[in-house]
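From first to last, the protein sequence lines stand for chains A and B.
Position 278, counted from 1, in the first sequence is what the numbering used here calls 278; the numbers after and before it change by one each time, with no gaps.
Position 416, counted from 1, in the second sequence is what the numbering used here calls 416; the numbers after and before it change by one each time, with no gaps.
Shown next, in structure tokens, is the structure this report addresses.
2 protein chains.
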Amino acid sequence: MSERIPHWLEKQAQLNPEQTALETPEGYKLTFNELRKKSRQMAQRLMDLGVKQGDHVAFLSGNHWTYPIFIHAISYVGAVVVLLNTRLTSSEISYQLQDAQVEHLFVGSRLEKLAEDSVAELNIPIQGIEQLNEITEEKYALKDSFMLNSVYTMMYTSGTTGNPKAVMHTYGNHWYSAVASSLNLGLHLSDKWLACLPLFHVGGFSILIKSVVYGMPVFLMDKFNVKDVQEAIFHKGVTHASVVTVMLQKLVEELKERSYPDSFRCMLLGGGPVPESLLHESAKKQIPVFQTYGMTETSSQIATLSPADAFKKLGSAGKALSLAELWIDADKGETGEIIVKGPMVSKGYYNRHNNEDRPLRTGDLGYEDEDGFLYVVDRVKDVIISGGENVYPAEIEGVLTGIPGIREAGVTGRKDAKWGEVPVAFLVAENQKLSDKEIINGMAGKLAKYKTPKEYYWVKELPRNASNKLLRRHLFSHLEEGDRS
Amino acid sequence: MSERIPHWLEKQAQLNPEQTALETPEGYKLTFNELRKKSRQMAQRLMDLGVKQGDHVAFLSGNHWTYPIFIHAISYVGAVVVLLNTRLTSSEISYQLQDAQVEHLFVGSRLEKLAEDSVAELNIPIQGIEQLNEITEEKYALKDSFMLNSVYTMMYTSGTTGNPKAVMHTYGNHWYSAVASSLNLGLHLSDKWLACLPLFHVGGFSILIKSVVYGMPVFLMDKFNVKDVQEAIFHKGVTHASVVTVMLQKLVEELKERSYPDSFRCMLLGGGPVPESLLHESAKKQIPVFQTYGMTETSSQIATLSPADAFKKLGSAGKALSLAELWIDADKGETGEIIVKGPMVSKGYYNRHNNEDRPLRTGDLGYEDEDGFLYVVDRVKDVIISGGENVYPAEIEGVLTGIPGIREAGVTGRKDAKWGEVPVAFLVAENQKLSDKEIINGMAGKLAKYKTPKEYYWVKELPRNASNKLLRRHLFSHLEEGDRS
Chain A
1 MSERIPHWLE KQAQLNPEQT ALETPEGYKL TFNELRKKSR QMAQRLMDLG
51 VKQGDHVAFL SGNHWTYPIF IHAISYVGAV VVLLNTRLTS SEISYQLQDA
101 QVEHLFVGSR LEKLAEDSVA ELNIPIQGIE QLNEITEEKY ALKDSFMLNS
151 VYTMMYTSGT TGNPKAVMHT YGNHWYSAVA SSLNLGLHLS DKWLACLPLF
201 HVGGFSILIK SVVYGMPVFL MDKFNVKDVQ EAIFHKGVTH ASVVTVMLQK
251 LVEELKERSY PDSFRCMLLG GGPVPESLLH ESAKKQIPVF QTYGMTETSS
301 QIATLSPADA FKKLGSAGKA LSLAELWIDA DKGETGEIIV KGPMVSKGYY
351 NRHNNEDRPL RTGDLGYEDE DGFLYVVDRV KDVIISGGEN VYPAEIEGVL
401 TGIPGIREAG VTGRKDAKWG EVPVAFLVAE NQKLSDKEII NGMAGKLAKY
451 KTPKEYYWVK ELPRNASNKL LRRHLFSHLE EGDRS
Chain B
1 MSERIPHWLE KQAQLNPEQT ALETPEGYKL TFNELRKKSR QMAQRLMDLG
51 VKQGDHVAFL SGNHWTYPIF IHAISYVGAV VVLLNTRLTS SEISYQLQDA
101 QVEHLFVGSR LEKLAEDSVA ELNIPIQGIE QLNEITEEKY ALKDSFMLNS
151 VYTMMYTSGT TGNPKAVMHT YGNHWYSAVA SSLNLGLHLS DKWLACLPLF
201 HVGGFSILIK SVVYGMPVFL MDKFNVKDVQ EAIFHKGVTH ASVVTVMLQK
251 LVEELKERSY PDSFRCMLLG GGPVPESLLH ESAKKQIPVF QTYGMTETSS
301 QIATLSPADA FKKLGSAGKA LSLAELWIDA DKGETGEIIV KGPMVSKGYY
351 NRHNNEDRPL RTGDLGYEDE DGFLYVVDRV KDVIISGGEN VYPAEIEGVL
401 TGIPGIREAG VTGRKDAKWG EVPVAFLVAE NQKLSDKEII NGMAGKLAKY
451 KTPKEYYWVK ELPRNASNKL LRRHLFSHLE EGDRS
């Protein structure tokens with residue numbers, strides 16, 4: 001039997017009614033009491049429009065203050081929300097709407113056209129979010145509690161191979177994830193978390209849940225913007241921010257000789273391997289970067305460096321959080337597939353065969369050092385095997401982006417008669433292209449010979465999916481604009 | 001299906017091996033790694049001595065550094081520990097050993113005689129704790145995870161009426177209790193919790209669980225002692241202390257004009273109604289007192305004042321913690337029985353008929369103010385009905401102990417031909433007895449006429465049970481040493 005817990009927003013509005021739940025750079029503010037009222041009111045409107053308990057309701061919206069209201073309204077109805085990525089094409093959205101058996105589609109501003117195209121051949125009603133802001137009378141009974149094992153959200157995995165699949169998250173997955181994070185990072189009365197990642201990804205969404213579980217304000221941005229983030233950290237009392245590598249890079253650059261105020265206690269860094277040079281640069285500036293490891297299936301971070309180890313174990317994603325377990329499918333100290341387990345791990349994919357109690361094979365490669373700290377190496381399927389040696393693209397990319405003049409790097413394998421495969425690199429220049437000699441000098445002493453790319457292609461941009469993940473297997477086909485260096 | 005979580009000490013020893021887990025005023029210290037090793041070793045010894053998974057193992061010990069080692073050893077074996085109150089008589093212990101179907105009894109120092117007397121007519125082997133400290137080889141597989149719904153501890157309720165009953169606590173009860181408390185009080189890297197309450201009561205025991213769930217040091221005292229507690233707060237980095245009224249009274253007195261360092265952030269006050277005068281005195285000295293409400297059945301606090309409300313709502317036990325629900329069985333604003341629900345609430349009593357999913361009727365009376373803050377009034381069965389009015393002994397006792405010269409007060413009802421019942425008071429003098437007139441002057445304006453005690457008895461001490469709870473229904477029979485005032 002699963003636990004039933006009080007509705008988290010009801011609870012928080014009761015515990016801390018006047019505490020700020022949400023604020024934006026534009027000065028929009030909501031207390032937990034106001035967030036509760038607005039969410040309950042939107043739930044009434046949703047039910048007016050025919051949404052019932054258990055319905056699958058898709059939401060296509062950018063970051064906006066209506067986002068938390070919508071997702072809490074869904075929980076008051078007891079429906080399941082399918083969070084759509086606004087960067088998808090209409091045919092990709094169309095696939096997800098069908099695959100998730102969606103019955104209602106709600107759309108944020110400036111996305112109406114994309115939504116209409118997506119449902120062109122489907123029988124799914126589209127409604128604008130503004131219709132949900134209308135006041136309606138309180139007619140329907142709303143949920144005042146959840147079962148921890150009830151499904152609440154579905155998010156499609158980025159799907160670098162095959163069709164995307166809907167990861168189902170229960171209330172418990174999100175709740176345990178929030179609690180495990182607080183047991184790692186601590187919890188202060190003054191905490192305020194910046195959300196500049198998309199809320200339709202689990203990294204952004206999880207901040208909304210932390211807010212309501214902790215009673216903590218979220219500082220919500222519609223998108224990442226260096227100036228606004230710095231302003232928020234320096235002058236708006238932001239104590240935590242969740243970012244990905246490219247954001248941290250820009251923040252570090254813009255910071256120059258300044259350092260963040262002591263009140264800023266956590267830069268949570270997710271989204272894949274990080275160039276070591278960036279971590280050193282951040283450490284030099286005393287930025288409290290906590291590297292994390294996680295994915296949609298783990299409801300955000302499942303391993304994170306702890307505050308005590310942040311500067312001691314640069315490059316590590318730390319250890320599995322409280323309640324979570326993580327191990328490597330290899331001999332001690334060796335690199336192998338990362339396996340995870342815990343109450344924040346999704347029970348599976350919607351409409352697929354799932355084996356709930358099995359640990360999750362992540363498809364990521366990593367190893368643990370002698371103190372048990374995790375180092376994520378690469379995706380299993382991106383590994384290049386050259387002359388019998390495993391070559392990890394992420395390692396080479398990390399070295400390449402550490403060379404001044406190289407903004408981005410993607411590495412993949414090319415068939416080779418002698419070695420089986422050899423690594424080749426695709427590069428985006430900071431300003432102007434470097435010569436091969438400059439690149440080779442820049443890498444000096446950092447990579448074994450068999451890891452050194454055999455060819456360099458300069459391109460305008462690297463192929464990425466809607467979640468901004470590098471698609472290494474598309475590097476060659478994306479080359480039309482490329483140029484042999 | 002309940003969740004399975006990693007063994008909490010395994011996890012913490014992995015996350016923070018070098019963090020202090022335990023320290024004592026005498027300078028004894030253990031890291032989480034050392035606590036893990038010692039607990040695992042003791043688990044091996046327990047199994048050597050025949051303790052198996054599921055066995056009921058009683059532990060009779062005062063506060064000592066072996067206590068946390070023992071209880072963790074039990075969890076490595078997967079046995080159930082029955083925590084015995086060292087203040088009980090041998091016949092009371094004998095009853096509990098039989099009622100809980102105990103198979104092994106382990107005994108701390110200086111309690112051997114009590115233990116032997118308790119098993120005189122039983123067939124239960126007694127073993128001294130020192131036998132468990134012997135090194136043994138690692139022969140047995142130990143638990144590396146728990147099911148949250150497995151029973152871990154049993155503690156007998158104070159039993160002010162009827163036979164005492166064993167409250168069963170699961171791992172989940174303790175875990176959710178620890179987490180709910182951290183969501184209320186926050187969690188800082190520097191937290192260190194003082195345990196001066198007996199560890200065989202849930203108020204003390206819960207500190208040991210918080211320690212291992214948070215990765216936080218416990219500062220363990222064998223018993224409460226004003227000087228040692230002040231020393232710990234002023235000079236040993238203690239940030240939290242769990243106390244009962246009488247302890248707070250002594251600390252406030254001894255504090256005189258000093259105030260605690262800012263690092264001291266929580267004086268958690270439990271164990272029943274508190275005289276308002278003491279709360280005012282504490283507030284004047286800026287002591288961060290958080291009044292709580294809880295009982296063995298709720299695995300310690302289930303409602304607590306939050307830091308933000310600590311000085312605004314003097315006398316209130318706050319609101320139900322995260323995950324918990326609490327309501328009053330009466331009209332809004334009226335006094336009635338307190339009902340609670342939540343994953344920290346025990347599923348029931350050992351070997352009794354239990355109805356797991358029912359909310360718990362606490363037998364305590366309380367009301368909620370207009371902001372939803374709980375005020376605990378009294379025990380249901382101690383209420384005096386006088387001329388049709390409810391009279392709450394605790395209210396009168398609070399007023400009486402606010403009078404200089406009165407150290408303790410107990411109030412109960414006496415049959416009365418005219419009013420049905422009338423309140424009478426039993427008093428313990430600070431130094432010398434006051435006159436009736438002095439008492440009445442001291443109460444002036446604070447109590448309605450029908451609440452004013454009709455008789456005063458001065459006694460040397462009040463009848464209390466082994467848990468130090470006032471036994472109001474024994475006030476008259478305890479009077480042999482009393483003296484009509």
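Positions of the beta carbon are idealized from the N, C-alpha and C atoms, including for glycine.
Please state the DSSP three-state secondary structure of Gly203(B). Locating residue 203(B) in the second sequence gives position 203, where the first residue counts as 1. Three-state DSSP puts Gly203(B) in a helix.
Beta-carbon of Tyr214(B) versus every beta-carbon of chain A: anything under 9 Å? On the second sequence, residue 214(B) is found 214 positions in, with the first residue counted as 1. Yes, because at least one Cβ of chain A sits closer than 9 Å to the Cβ of Tyr214(B).
At 8 Å on the CB atoms, spell out the chain A contacts of Val179(B), in chain order. Looking up residue 179(B) in the second sequence gives position 179. Against chain A, the beta carbon of Val179(B) has neighbours under 8 Å at Val179 and Leu183, listed in chain order.
Could you compute how far the alpha carbon of Met42(B) sits from the alpha carbon of Asn184(A)? Mapped onto the second sequence, residue 42(B) falls at position 42. Mapped onto the first sequence, residue 184(A) falls at position 184. If you draw a straight line from the Cα of Met42(B) to the Cα of Asn184(A), it is about 29 Å long.
Under the three-state reduction of DSSP, which class applies to Tyr260(B): helix, strand or coil? The count along the second sequence starts at 1 and reaches residue 260(B) at position 260. Correct three-state label for Tyr260(B): coil.
Whole angstroms are fine: how far does the CA of Gly336(A) sit from the CA of Val422(A)? Here residue 422(A) corresponds to residue number 422 of the first sequence, with the count starting at 1. Here residue 336(A) corresponds to residue number 336 of the first sequence, with the count starting at 1. Their backbone Cα atoms lie some 21 Å apart in a straight line.
Residue range of the beta strand (DSSP E) that Thr170(A) falls in? Residue mapping note: residue 170(A) aligns to position 170 of the first sequence, counting from 1. Per DSSP, the unbroken beta strand (DSSP E) holding Thr170(A) starts and ends at Ala166 to Thr170.
Inter-residue CB distance, Ser263(B) and Thr239(B) (contact presumed, cutoff 8 Å): Stepping through the second sequence from its first residue, residue 263(B) is reached at position 263. Stepping through the second sequence from its first residue, residue 239(B) is reached at position 239. Ser263(B) to Thr239(B), Cβ: 6 Å. Contact.
Rounding to the nearest angstrom, what Cα-Cα distance links Thr31(A) and Lys312(B) in this structure? On the first sequence, position 31 is the one that residue 31(A) refers to. On the second sequence, position 312 is the one that residue 312(B) refers to. If I take the Cα positions, the gap works out to 20 Å.
Beta-carbon gap between Leu278(B) and Leu248(B) smaller than 9 Å: Working through the second sequence from its first residue, we reach residue 278(B) at position 278. Working through the second sequence from its first residue, we reach residue 248(B) at position 248. For Leu278(B) and Leu248(B), yes; Cβs fall inside 9 Å.
For Lys11(A), return the contacting residues in chain B, with the cut-off set at a CB-CB distance below 7 Å. What you label residue 11(A) is simply residue 11 of the first sequence in a count that begins at 1. The answer, in chain order, is Ser322.
Rounded straight-line distance, which links the Cα of Trp419(B) to that of Glu481(B): Stepping through the second sequence from its first residue, residue 481(B) is reached at position 481. Stepping through the second sequence from its first residue, residue 419(B) is reached at position 419. Residue placement at Glu481(B) is poorly supported in this model, since its pLDDT is 49, which falls under 50; the coordinates still yield a value, given next. When only Cα atoms are considered, Glu481(B) and Trp419(B) end up about 28 Å apart.
Chain A contacts made by the segment 132-151 of chain B, where a contact means CB separation under 7 Å: none
What are the residues of the segment 348-374 of chain A that lie near chain B, defined by any Cβ-Cβ distance shorter than 7 Å? Gly372
Output the boundary residues of the alpha helix (DSSP H) element that contains His280(B). Within the second sequence, the letter at position 280 stands for residue 280(B). Its alpha helix (DSSP H) spans residues Glu276 to Lys284.
If you run the structure through DSSP and keep just helix, strand and coil, what is Pro307(A)? For the purposes of this step, residue 307(A) is taken as residue 307 along the first sequence, with counting starting at 1. Helix at Pro307(A).
So with Cβ pairs under 9 Å, would you call Tyr176(B) a contact of chain A? In the second sequence, the residue the question calls residue 176(B) occupies position 176. Output row for Tyr176(B): interface = yes.
C-beta contact flag for Ser109(B) and Glu137(B) at 9 Å: Here residue 109(B) is taken as the residue at index 109 of the second sequence, counted from 1. Here residue 137(B) is taken as the residue at index 137 of the second sequence, counted from 1. Contact flag unset, no.
Take Ala283(A) and list the residues in its own chain whose beta-carbon comes closer than 8 Å to its own, dropping the five residues that flank it on each side. The residue you call residue 283(A) lines up with position 283 of the first sequence. Excluding positions up to five away in sequence, the list reads Val289, Phe311 and Leu314.
What span of residues does the alpha helix (DSSP H) with Pro404(B) cover, start to end? Translated into positions along the second sequence, residue 404(B) becomes position 404. No alpha helix (DSSP H) contains Pro404(B), which DSSP labels as neither H nor E.
Within the same chain, show all residues whose beta-carbon is closer than 8 Å to that of Gly333(B), passing over the 5 residues directly before and after it, in chain order. On the second sequence, residue 333(B) is found 333 positions in, with the first residue counted as 1. Once the five neighbours on either side are set aside, the close Cβ partners of Gly333(B) are Tyr367, Glu368, Asp369 and Glu370.
Just curious, the beta strand (DSSP E) that Ile384(A) is in, first and last residue? Here the question's residue 384(A) lines up with position 384 in the first sequence. Segment Ile384 to Ser386, the beta strand (DSSP E) holding Ile384(A).
Of the listed residues Gly215(B), His64(B), Asn355(B) and Ala317(B), nearest to Pro198(B) (C-alpha basis): Within the second sequence, the letter at position 198 stands for residue 198(B). Of the candidates Gly215(B), His64(B), Asn355(B) and Ala317(B), the one whose C-alpha sits nearest the C-alpha of Pro198(B) is His64(B).
Whole angstroms are fine: how far does the CA of Ala13(B) sit from the CA of Met168(B)? Along the second sequence, one-based indexing puts residue 168(B) at 168. Along the second sequence, one-based indexing puts residue 13(B) at 13. Using only the alpha carbons, I get a separation of about 27 Å.
Of all the residues that make up the segment 196-229 of chain A, which are near chain B by a beta-carbon distance shorter than 8 Å? Val213, Tyr214 and Gly215
Trp327(A) - DSSP class collapsed to helix/strand/coil: Position 327 of the first sequence, counting from 1, holds the residue named residue 327(A). Trp327(A) carries a strand assignment under DSSP once its states are collapsed to helix, strand and coil.
In the DSSP assignment, find the unbroken alpha helix (DSSP H) run with Tyr152(A) in it and report its ends. Working through the first sequence from its first residue, we reach residue 152(A) at position 152. Note, Tyr152(A): premise wrong, no alpha helix (DSSP H); beta strand (DSSP E) at Val151 to Tyr156.
For the segment 291-305 of chain B against the segment 336-349 of chain B, are there 3 or more C-beta pairs whose distance is under 8 Å? yes
Would you decide whether His235(A) is buried or exposed? Buried here means 16 or more other CB atoms lie within 10 Å of its CB. Mapped onto the first sequence, residue 235(A) falls at position 235. Per the 10 Å Cβ criterion, exposed.
Residue closest to Lys460(A), alpha-carbon to alpha-carbon, out of Ile209(A), Ile440(A) and Asn431(A): Counting from one through the first sequence, the residue named residue 460(A) turns up at place 460. Residue Asn431(A) is the option with its Cα nearest to Lys460(A).
Is Trp175(A) closer than 9 Å to Ser75(A) when the C-beta atoms are compared? Here residue 75(A) refers to the residue found at position 75 of the first sequence. Here residue 175(A) refers to the residue found at position 175 of the first sequence. No, they are not a contact pair.
C-alpha distance - Gly445(B) paired with Val399(B), whole-angstrom precision: Within the second sequence, residue 445(B) is the residue found at index 445, counting from 1. Within the second sequence, residue 399(B) is the residue found at index 399, counting from 1. Each residue's Cα considered, the two are about 10 Å apart.
In or out: Ile385(A) buried (at least 16 other Cβ within 10 Å) or exposed? Against the first sequence, residue 385(A) aligns to sequence position 385. Exposed is the call here.
Going along the chain, which residues of the segment 55-75 of chain B sit with their C-beta nearer than 7 Å to a C-beta in chain A? none
By a C-beta neighbour count over all protein chains shown, 10 Å radius and 16 as the cutoff for buried, is Gln286(A) buried or exposed? One-based indexing of the first sequence puts residue 286(A) at position 286. So Gln286(A) counts as exposed.
Would the segment 75-84 of chain B count as touching the segment 45-62 of chain B if we require 3 or more Cβ pairs under 8 Å? Cβ pair count under 8 Å is three or more, so yes.
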